[in-house]
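Visitor: Numbering (the numbering used here), first residue to last: 420 to 742.
Here you go, one structure.
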Ligand code: 5GP
Ligand code: MN
């Protein structure tokens with residue numbers, strides 16, 4: 420762990436050792452790092468004798484690939500303690516990312532924020548925030564080691580799932596030696612990498628192939644802006660009988676175009692147009708997303724905007740033109 424974070428880790432560990440109950444959460448619409456870290460940490464806490472619950476803000480639904488994780492500690496957000504004594508949140512860059520559980524976090528006796536978004540200002544009472552960590556799971560693992568709480572096979576699986584997904588299977592620029600050390604420790608603790616491979620990357624319903632095809636066919640290349648973008652429409656999903664929650668990861672089918680530094684996927688949702696952004700090397704899409712009210716990392720970010728995709732992409736193009 421980075422030396423300047425050591426006092427915060429010690430404070431968090433002291434408090435967690437003393438408390439009997441821990442309420443654990445992560446950002447809304449959890450991805451692998453958010454829920455994998457939360458469940459991995461919660462499971463180790465339970466094994467250490469703590470009374471633990473895990474939840475995340477509405478909507479209370481998950482991509483199918485999470486089915487490999489133990490859900491026994493997970494409860495609906497409505498049943499989450501209104502004023503938890505100690506609440507630990509993973510992978511949320513700001514309070515608003517907790518959605519309906521932001522209120523519970525504000526009312527918590529002590530809020531511990533564990534995250535790796537560089538934009539995180541530290542909205543907890545204790546903040547374990549390290550933008551150089553490839554995944555929140557790395558920080559979760561470091562805290563568990565400090566606590567000396569037992570990491571069983573299932574906890575290791577959750578944490579490794581988090582690490583695998585946030586590093587893009589150990590290929591993104593955030594993949595440090597530290598990521599491999601933690602991964603090695605997790606495999607040593609009993610996590611099976613092939614389980615993650617199959618559950619996360621080879622677990623689409625057949626209809627997803629048609630959805631991915633539609634999105635790829637619709638892709639546009641704007642070479643002068645080094646941009647490739649496409650759109651996922653509600654009809655793509657209904658025509659193929661695919662649940663929207665299964666559509667995560669479609670941006671990876673767009674970003675493979677080598678002509679573009681930036682890839683954008685726009686998804687029609689009830690809340691407006693959700694933009695997923697990725698960049699290879701040059702343009703900081705985290706800053707781009709922040710200027711649209713979202714956030715994320717330099718190489719992977721997102722936001723949700725009002726208005727149809729056609730308007731949102733014009734605004735994004737305008738931003739890129741002005742760089
Ligand atoms: P994705 O494109 O996979 O939904 O999101 C990529 C990354 O961007 C996430 O890991 C998260 O850090 C960030 N992100 C996505 N959507 C939002 C958003 O609406 N607000 C903020 N603050 N960050 C987001
Ligand atoms: Mn993350």
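Ideal placement from N, C-alpha and C gives every residue a C-beta, glycine not left out.
Values in this document were obtained by computation on a predicted structure and should not be read as measured data.
Under a three-way DSSP split, which group does residue 592 fall into?
Guide: Sequence index remark: in the chain shown, residue 592 carries index 173 (1-based). Coil.
Visitor: Taking 6 Å as the cut-off, is the beta-carbon of residue 715 closer than that to any non-hydrogen atom of the ligand ADP?
Guide: With respect to the ligand ADP, the structure offers nothing, as its ligand set consists of the ligand 5GP and the ligand MN.
Visitor: Is the closest heavy atom of the ligand 5GP to the C-beta of residue 719 under 6 Å?
Guide: Locating residue 719 in the chain shown gives position 300, where the first residue counts as 1. Correct: residue 719 has its Cβ closer than 6 Å to the ligand 5GP.
Visitor: Buried or exposed for residue 426, going by 16 or more other Cβ atoms inside 10 Å?
Guide: Indexing the chain shown from 1 puts residue 426 at position 7. Result: exposed.
Visitor: Can you give the Cα-Cα distance for residue 459 and residue 583, rounded to whole angstroms?
Guide: Taking the first residue of the chain shown as 1, we reach residue 459 at position 40. Taking the first residue of the chain shown as 1, we reach residue 583 at position 164. Straight-line Cα distance between these residues: approximately 14 Å.
Visitor: What is the C-beta distance between residue 472 and residue 457, in whole angstroms, given that I count them as a contact (C-beta under 8 Å)?
Guide: Residue mapping note: residue 472 aligns to position 53 of the chain shown, counting from 1. Residue mapping note: residue 457 aligns to position 38 of the chain shown, counting from 1. Contact flag wrong, Cβ pair sits at about 10 Å.
Visitor: If we require 3 or more residues per run, which beta strand (DSSP E) segments fall completely within the segment 656-693?
Guide: The segment 656-693 contains these whole beta strand (DSSP E) runs: 681-688.
Visitor: According to DSSP, is residue 697 helix, strand or coil?
Guide: Counting from 1 along the chain shown, the entry for residue 697 is found at position 278. Residue 697 falls in the strand class under three-state DSSP.
Visitor: Pick helix, strand or coil for residue 583, following the three-state DSSP scheme.
Guide: Counting from 1 along the chain shown, the entry for residue 583 is found at position 164. Note: residue 583 maps to helix in three-state DSSP.
Visitor: Measuring only the C-alpha atoms, how far is residue 632 from residue 656?
Guide: Residue mapping note: residue 632 aligns to position 213 of the chain shown, counting from 1. Residue mapping note: residue 656 aligns to position 237 of the chain shown, counting from 1. In a straight line, the C-alpha of residue 632 is about 11 Å away from that of residue 656.
Visitor: Quick check: the Cα distance between residue 679 and residue 524, rounded to an integer number of angstroms?
Guide: Residue numbering aside, residue 679 sits at position 260 when the chain shown is read from its first letter. Residue numbering aside, residue 524 sits at position 105 when the chain shown is read from its first letter. Each residue's Cα considered, the two are about 40 Å apart.
Visitor: Considering residue 553, what are the terminal residues of the beta strand (DSSP E) in which it resides?
Guide: As a position in the chain shown, residue 553 is number 134, starting the count at 1. Where residue 553 is concerned, there is no enclosing beta strand (DSSP E), given that its DSSP letter is neither H nor E.
Visitor: Taking the C-alpha atoms as reference points, what is the distance between residue 707 and residue 714?
Guide: Counting from one through the chain shown, the residue named residue 707 turns up at place 288. Counting from one through the chain shown, the residue named residue 714 turns up at place 295. The alpha-carbon atoms of residue 707 and residue 714 are separated by roughly 8 Å.
Visitor: Could you compute how far the alpha carbon of residue 515 sits from the alpha carbon of residue 521?
Guide: Position 96 of the chain shown, counted from the first residue, corresponds to residue 515. Position 102 of the chain shown, counted from the first residue, corresponds to residue 521. Taking the straight line joining both Cα atoms gives about 6 Å.
Visitor: Could you tell me if the beta carbon of residue 455 falls within a distance shorter than 6 Å of some heavy atom in the ligand 5GP?
Guide: As a working note, residue 455 is residue 36 in the chain shown. Checking every heavy atom of the ligand 5GP against the Cβ of residue 455, none is found closer than 6 Å.
Visitor: Beta-carbon separation of residue 578 and residue 558 under 7 Å?
Guide: Locating residue 578 in the chain shown gives position 159, where the first residue counts as 1. Locating residue 558 in the chain shown gives position 139, where the first residue counts as 1. Not a contact, by the Cβ cut-off of 7 Å.
Visitor: Report the three-state DSSP secondary structure of residue 442 (helix, strand or coil).
Guide: Walking along the chain shown from the start, residue 442 turns up at place 23. Strand, per DSSP.
Visitor: Going by C-alpha distance, which of 696, 691, 469 is nearest residue 671?
Guide: Along the chain shown, read from residue 1 onward, the residue named residue 671 stands at position 252. Comparing Cα positions, the closest option is 696.
Visitor: Straight-line CA distance for residue 447 to residue 607?
Guide: Your numbering for residue 447 matches position 28 in the chain shown. Your numbering for residue 607 matches position 188 in the chain shown. Cα-Cα distance, rounded: 30 Å.
Visitor: In this structure, does DSSP put residue 641 in helix, strand or coil?
Guide: As a working note, residue 641 is residue 222 in the chain shown. Strand at residue 641.
Visitor: Measuring only from the beta carbon, is residue 444 closer than 6 Å to any heavy atom that is part of the ligand 5GP?
Guide: The count along the chain shown starts at 1 and reaches residue 444 at position 25. Not under cutoff, so the answer is no.
Visitor: With DSSP as the reference, label residue 537 as helix, strand or coil.
Guide: The residue given as residue 537 occupies position 118 in the chain shown. Note: residue 537 maps to coil in three-state DSSP.
Visitor: By DSSP, does residue 545 sit in helix, in strand, or in coil?
Guide: Locating residue 545 in the chain shown gives position 126, counting from the first residue. Here residue 545 sits in strand by DSSP.
Visitor: Comparing C-alpha positions only, which one of 677, 482, 571, 735 sits nearest to residue 610?
Guide: By one-based count along the chain shown, residue 610 stands at place 191. Here the closest residue by C-alpha is 571.
Visitor: Here's the rule I'm using: 16 or more other beta-carbon atoms within 10 Å means buried, otherwise exposed. How should residue 710 be labelled?
Guide: As a first step, residue 710 is located in the chain shown; it is residue number 291 there, counting from the start. Residue 710 comes out exposed.
Visitor: Kindly examine the ligand 5GP and report whether one of its heavy atoms sits closer than 6 Å to the Cβ of residue 625.
Guide: In the chain shown, residue 625 corresponds to position 206, counting from 1. Not under cutoff, so the answer is no.
Visitor: So for residue 741, helix, strand or coil by DSSP?
Guide: Looking up residue 741 in the chain shown gives position 322. In this structure, residue 741 counts as coil in the three-state DSSP scheme.
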